[in-house]
Amino acid sequence: MQLMTLQRDRRLRWPRVEAALLVAPLLLGLSLLLLWPLAILALRSIGVGGEGLSFATYRAVLAEPRYWQVLGNTALLALASTIGALLLCTPAALYLEQPGASGRRVLAVLLTIPLSLPGIVIGFFVILFFGRTGVATDLAEAALGRRVPPLAYTFWGMLLGYIYFQIPRVVLVLRGAAAAIDPDTLDAARTLGASPWRVYTAVVFPALRPALLGAASLSMATAFGAFGTAATLSRSYRVLPLEIAAAFTERFAPELAATLSVLLALLTAALLWSVGALGAERRFADEENR
Amino acid sequence: MQPPRPSTRDPVLAIGRACAISAALICFLPIPLLLAVATSDTWQQGPWTDGVTLRWLGASWATVAPFAAYSLRLALTTLLLNVLIGLPAAYALARSRFPGRPVVRALIGLPLAVPGIALALALILAYPTWRGGGWLLVAGHVLYTLPFFVGALVPALAAPDLREREAAAATLGADPLRRLVFVTLPGIRTALLAAAIIVVTLSLGEFNVSFFLFAPTAKTLPVDLYAAYITGRLEIAAAATVWFILLVIPAAAVIEYLGGARIGQA
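Chains B and E, in that order, are what the protein sequence lines are.
For the first sequence, the tail end lands on 334 under our numbering, and the numbers increase by one without skipping.
For the second sequence, the tail end lands on 251 under our numbering, and the numbers increase by one without skipping.
Dropping the structure here:
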């Protein structure tokens, strides 16, 4: 009896001690490099370590029309690029998961190119096409017979850059969901006389809905936090990450930069968790079941 | 009797084909254009007006090389730290349902939900004196690569056939160290290679965190590229980008071949 308890205790306890030892270096590292700095960031944003505890910076930021304008700019860019990427990539992902699709391997590889490129390189690509001596700018000039202002440094140039980095993100999320749709269900719907349109509205899109929401929230959060593309292209159209950078490096206002960072981090985290919570749970489950 | 292939009649898939091809072209076309700009004498006069020149590529290599070397050293340091703290944690996450496991998972994934610029600022404010030696760069790069490293290893370590082989080795009398060296590590070598390459490519391309954390003696290749984009001549900036892409593409191709996917920040 006593022996059995002992054995059960060993079985229960040893893996825990072992797991704790194995996870300890990671927890120590993350506490020092992630949790403590984030705590400092939050404390600095409310004046601790500077002028004393107050929400003055938050009040100042929220009362400043300029920051509402910048927030609106960021949100518009995030929303427009997400919609653009979804419109382009949802049909593409459905096509790529067709068993008979020709060239799907090559297409799939090409579609992952943006993942390896930092945002600044993507911004430079936009400059190569739509900058002052860009190919598209020159072509437009030849066609119209007059000088045209370069598109690269406007909202439209930034939008193209943002869509470029959204493409692989949306495709990867949607391809997984499109592959999970049972072809037999589609065949059954077709055999029962459903028109192609009806197959999509009744079977395909309901099955894709969680993935569409997940892709949208991932795209929105990525666009809100994107810095490199904006840093390369933005001139008069300012976005939130650039304001944080300017507050810190140009205006030497760490409290202001910390406040804006906290607001931005809360915004992206809320976006990811509100819509993406379900998706993230499933991703972890998939990962473990693979 | 074969039914007609649905894709030939399905209007949405016909649109899908057009969308897939245009999206792939959008992703790919900048690269040949980049090569054309980098090998033209004066881009403003058109591509290759004086033939193909390698002068910009040669000139930019001289300035890019030291930053590329620094970026590679940083990527390898990041990888080493990932192995030291990420591999044991991945093992624990894959093998044991210990209490607090969801918290550990959430913590590892947390950097993906925090914009790079916010995290960089947090690191600077917390450890202002570490910046000089480039240690903050290492910290930022480890935080952003760890979720991908652990995420790539956990499924491989949890694979049932690997656990069976370990159990078989144990019944044959192999001690834990021998099981680790001769069964577990060989069993996850593909996943380990994929995880390592993901870490190195993400680190080489990282800009958002690096832009705030670099120091005059510790400057990465993307930070140098940014300077070229803002101030440099178009042809030289393009040539420097060609060198950067040549550094990243082989690794990306191997990840694709190994079937890995990584979604970092933009």
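Heads up, the beta-carbon is just placed ideally off N, CA and C, and yes, glycines get one too.
Since this is a predicted model, take the numbers as computed values, not measurements.
Here the region 213 to 220 of chain E makes no contact with the region 145 to 161 of chain E; the two share fewer than three CB pairs at distances below 8 Å. In the structure shown, G36/E falls within a strand segment according to DSSP collapsed to helix, strand and coil. By the C-beta criterion, the region 193 to 202 of chain E is judged to be in contact with the region 95 to 112 of chain E, since at least 3 inter-stretch pairs fall below 8 Å. Residue environment: R58/E is assigned as exposed (fewer than 16 neighbouring CB atoms within 10 Å of its CB, all protein chains considered). Per DSSP, the unbroken alpha helix (DSSP H) holding A74/E starts and ends at L72 to R80. At a cut-off of 9 Å, the C-beta of I221/E has no neighbouring C-beta in chain B. Annotated three-state conformation of A238/B is coil, per DSSP.
The beta carbon of R282/B lies closer than 7 Å to those of V114 and N117 in the same chain, with the five residues before and after it left out.
If you ignore the 5 residues before and after F52/E, its C-beta comes within less than 7 Å of the C-beta of K204, T205, L206 and D209, all in its own chain and listed in chain order. The Cβ of T114/E sits no closer than 9 Å to any Cβ of chain B.
For A79/E, the CB contacts under 6 Å within the same chain, skipping 5 residues up- and downstream, are V139, L142 and A143 in chain order. The beta carbons of P158/B and C12/E sit closer together than 9 Å. If the five residues before and after V127/E are omitted, its C-beta is found closer than 7 Å to the C-beta atoms of T63, L66 and N67, all from its own chain and listed in chain order. Of the residues L61/E, V22/E and S56/E, the one whose Cα lies closest to the Cα of L42/E is V22/E. With a cut-off of 8 Å on Cβ pairs, the region 123 to 137 of chain B is in contact with the region 195 to 211 of chain B, counting three or more such pairs.
Taking a contact to require three or more Cβ pairs closer than 8 Å, the region 206 to 219 of chain B and the region 175 to 192 of chain B do not qualify as touching.
Within the region 93 to 118 of chain E, contact with chain B at the beta-carbon level (separation under 7 Å) is assigned to L95, P96, A98, V99, P100, G101, I102, A103, L106, A107, L108, L110 and A111. Contact between T186/E and S160/B holds, since their C-beta atoms are separated by about 6 Å, short of 8 Å. A196/B sits in coil when the DSSP states are folded into three classes, being neither helix nor strand. Contact of E149/E with chain B by beta-carbon distance below 8 Å is absent, the smallest such distance being about 17 Å. Here the region 106 to 120 of chain E makes no contact with the region 160 to 178 of chain E; the two share fewer than three CB pairs at distances below 8 Å. Taking 9 Å as the upper bound on Cβ-Cβ separation, chain E lies near residues A145, S146, G147, R148, V150, L151, A152, V153, L154, L155, T156, I157 and P158 of the region 145 to 158 of chain B. Where P285/B is concerned, the enclosing alpha helix (DSSP H) starts and stops at L284 to T293. Per DSSP, reduced to three states, the secondary structure at A203/E is strand. Residues of the region 203 to 221 of chain B whose Cβ lies closer than 7 Å to any Cβ of chain E, in chain order: Y208, F209, I211, R213 and L216.
In the three-state scheme derived from DSSP, where H, G and I count as helix and E and B as strand, R218/E is classed as coil. Contact annotation: V306/B and A86/B have beta-carbon atoms nearer than 9 Å. Not flagged as an interface residue toward chain E: Y281/B, since no C-beta distance is shorter than 9 Å. Under the 10 Å beta carbon count, R213/B is surrounded by 16 or more other beta carbons and is classified as buried.
Under a criterion of Cβ atoms nearer than 9 Å, no residue of chain B is adjacent to R218/E; the nearest Cβ is some 11 Å distant.
A distance below 7 Å between beta-carbons, with the five flanking residues on each side excluded, links L140/B to the following residues of its chain, in chain order: R148, L151, A152 and R219. The beta carbon of F268/B falls within 9 Å of a beta carbon belonging to chain E, placing the residue at that interface. Within chain B, L70 have C-beta atoms less than 7 Å from the C-beta of G71/E, given in sequence order.
S278/B counts as buried, since no fewer than 16 other beta carbons sit within 10 angstroms of its beta carbon.
L66/B and P87/E have their C-alpha atoms spaced approximately 15 Å apart.
DSSP, read as helix, strand or coil, puts G163/B in helix.
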